[in-house]
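Reviewing the structure listed below.
Chains as they are written, first to last, in my numbering: chain A, 23 to 411; chain B, 4 to 284.
Below, the structure is given as structure tokens:
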């Protein structure tokens, strides 16, 4: 007996992530393409330049951060503008645990520690970064769960300024204002992600190794988020977002679930911050400002609120925006108007900021479901193709 | 395949005629406006208890007091012997009190199934970490509770729309989904706030049939707030009439229909002799 396509015969598969064979095949294909592209130089004819490779790595790590924001803001409906703070906490925790110590010779031959660093393994600093950020989320949550909407947004903005101040002033940990400190090293059980080398007989560059690390982590954390969204916790969060009073009368303790969302979201942010800035290589307090929070909000708005694939699309979009602007500036007709220095009509940085704002406004007005919404429409079109219904 | 009966998926009310809800001398006022003014009543298992009264009589306020949304300034509310005053709404829901709302309070961006599964929230017995990993228990619990939800879907005839987004459904169906969500909570006391308001005759008859069947199969306590008098008089065992927050009469439907105070409250002084039956406010 053959089952017709799309027929599910038990509740477990009906609640599955990939309901049809087609979806499963497409997902595997996507991973294969990603691996192929990541392998770039050594696996196939498509070669990315090193700076594109590193941008891909950034985009993958940013995706984890965007997922975190989507859990609290997209799924839970709690507008958080404090994401930069949690990203920063993760980045600094990782740098302190995984970075190298900097010392100088003090008076009387005693070596003084200028910047602390314990040089620990990634297996320690990565989870620790997530946990420290999650703990901070746990501490902030009781205040935040009493507020909602704009008030919560304001409080979380305050968190960013507080964080920036701490990151500037705790000099032995963060290197102080302007100077910054070295970051954690991507080194796990003796395997170095931060330099090129042979892996299973293939030569992989630093960026390629990091790409695969990022891809695996994103797969794991994306799956975790997807599972969360389709569980009782995800439903409870969505219920709180849509109608909190009714949710409470369905037996959902509001404060508890907002707290859970905050903690999980911060954990994701901590992990993303740690990994992202370890690739950057230098950590300065000024990086974790309000603009960074806005960037992440833009990612989920442009990508798609409360969706896993939307978070990833949004992170890629925002990460590659500067590159697109750079490419625009290199076009023959536009090169005179868009320049890297202030001599032209507009410089690339300004154009980037303008586009950034335009995209947020444009998506909010024209496609509130973001790139995800566009994808759904494209998919539905091809589902029915060549018919229009 | 055999049709599921409701009592196979949901717990019944137990021994008929046991007191489950005791409301005693409840007073609730908002800055001088007395919304509920000295209301007392009792609801039993396997009883359909109707609360009627003109608009603003305080019917929904009583529901909100029982659900824990409002805290009355005076009086006591006991459910199965437990004092409900000061208990958080989510805890009260957990004790076995479910309700629907006058203005539909479904989660519009979720499917019918997800709305019903939300009703199962407290029966889904797994934690956040299990939810993230979704192996073993979480997966089993989801499947087991989905079975309960499917039983309710079948009972309410929601099969064709189970995966539709609630916001896409017509009003009458939304009301039905909301009844389903309350049922999914497996309540011992079901509070229905105007379940047929704004419905046409056919939808009203369907809803009346569902309410009747729930009572027949489960024998739980049901409180019904409704303006549709024909339905109330047909279904209710006991009718409780309110006016401006004050209780004016309690009794069987026929007693209430002939009660001069009730007639006065609904139709005013000069119509004091007209019959109340059928005259919805």
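Just so you know, even glycine gets a beta-carbon here, dropped at the ideal spot from N, CA and C.
With burial defined as no fewer than 16 other Cβ atoms inside 10 Å of the residue's Cβ, what is the status of residue i: buried or exposed?
i, result
"residue 208(A)", "buried"
"residue 277(B)", "Confidence is the limiting factor: at residue 277(B) the pLDDT is only 48, short of 50, which leaves the residue's position unreliable and the question unanswerable from this model."
"residue 234(B)", "buried"
"residue 108(B)", "buried"
"residue 315(A)", "buried"
"residue 263(B)", "exposed"
"residue 249(A)", "buried"
"residue 130(A)", "exposed"
"residue 187(A)", "exposed"
Is there at least one Cβ from chain A nearer than 7 Å to residue i's Cβ?
i, result
"residue 277(B)", "Reliability fails at residue 277(B), whose pLDDT of 48 lies under 50, so the model's placement of it is uncertain and no value is given."
"residue 53(B)", "no"
"residue 239(B)", "no"
"residue 149(B)", "yes"
"residue 70(B)", "yes"
"residue 200(B)", "no"
"residue 96(B)", "yes"
"residue 124(B)", "yes"
Determine which residues share a DSSP beta bridge with residue i and list them.
i, result
"residue 45(B)", "25(B)"
"residue 250(B)", "245(B)"
"residue 19(A)", "Since the first residue of chain A shown is 23 and the last is 411, residue 19(A) is not available in this structure."
"residue 168(B)", "114(B)"
"residue 86(B)", "81(B)"
"residue 32(B)", "37(B)"
"residue 194(A)", "None; residue 194(A) has no bridge partner."
"residue 369(A)", "361(A)"
"residue 101(B)", "193(B)"
"residue 134(A)", "126(A)"
"residue 413(A)", "Outside the displayed range of chain A (23 to 411) lies residue 413(A), so it cannot be described from this structure."
"residue 54(B)", "228(B), 243(B)"
"residue 220(A)", "225(A)"
Cβ closer than 7 Å: which chain A residues qualify as neighbours of residue i?
i, result
"residue 82(B)", "What residue 82(B) touches in chain A: nothing, since even the nearest Cβ is about 14 Å away."
"residue 142(B)", "34"
Looking at chain B, is there any beta carbon in it that lies within less than 7 Å of the beta carbon of residue i?
i, result
"residue 26(A)", "no"
"residue 43(A)", "no"
"residue 266(A)", "no"
"residue 132(A)", "no"
"residue 275(A)", "yes"
"residue 406(A)", "no"
"residue 40(A)", "no"
"residue 37(A)", "yes"
"residue 184(A)", "no"
"residue 92(A)", "no"
"residue 294(A)", "no"
"residue 398(A)", "no"
"residue 282(A)", "yes"
"residue 401(A)", "no"
Name, please, each residue of chain B whose Cβ falls closer than 7 Å to the Cβ of residue i.
i, result
"residue 270(A)", "92, 93"
"residue 246(A)", "135"
"residue 188(A)", "Those within 7 Å of residue 188(A) in chain B number zero; the least Cβ separation is about 29 Å."
As a quick exercise: from the options, pick the residue whose alpha carbon is nearest that of residue i.
i, options, result
"residue 91(A)", "44(A), 379(A), 322(A), 80(A)", "322(A)"
"residue 149(A)", "112(A), 319(A), 32(A)", "112(A)"
"residue 197(B)", "66(B), 94(B), 250(B)", "66(B)"
"residue 138(B)", "246(A), 28(A), 195(A)", "246(A)"
"residue 299(A)", "277(A), 147(A), 331(A)", "147(A)"
"residue 34(B)", "217(B), 167(B), 75(B)", "75(B)"
"residue 223(A)", "122(A), 357(A), 61(A), 355(A)", "61(A)"
"residue 279(A)", "297(A), 259(A), 289(A), 266(A)", "259(A)"
"residue 332(A)", "215(A), 30(A), 96(A)", "96(A)"
"residue 325(A)", "81(A), 157(A), 25(A), 35(A)", "81(A)"
"residue 179(A)", "131(A), 135(A), 101(A)", "101(A)"
"residue 242(B)", "125(B), 43(B), 14(B), 18(B)", "43(B)"
"residue 151(A)", "286(A), 352(A), 367(A)", "286(A)"
Which residues in chain B have a C-beta closer than 9 Å to the C-beta of residue i? List them in chain order.
i, result
"residue 260(A)", "110, 112, 113, 117, 121"
"residue 253(A)", "127, 129, 131, 133, 134, 135, 137, 141, 145"
"residue 249(A)", "134, 135, 136, 137, 141"
Determine, using beta carbons only, whether residue i comes closer than 7 Å to chain E.
i, result
"residue 257(A)", "Chain labels in this structure do not include chain E; the protein chains are A and B."
Check the Cβ of residue i against every Cβ in chain A and list those closer than 8 Å, keeping chain order.
i, result
"residue 102(B)", "271"
For residue i, return the contacting residues in chain A, with the cut-off set at a CB-CB distance below 9 Å.
i, result
"residue 188(B)", "272, 273"
Any heavy atom of the ligand HEM closer than 6 Å to the Cβ of residue i?
i, result
"residue 397(A)", "Judged by which ligands are present, the structure shown has none, so any question about the ligand HEM falls away."
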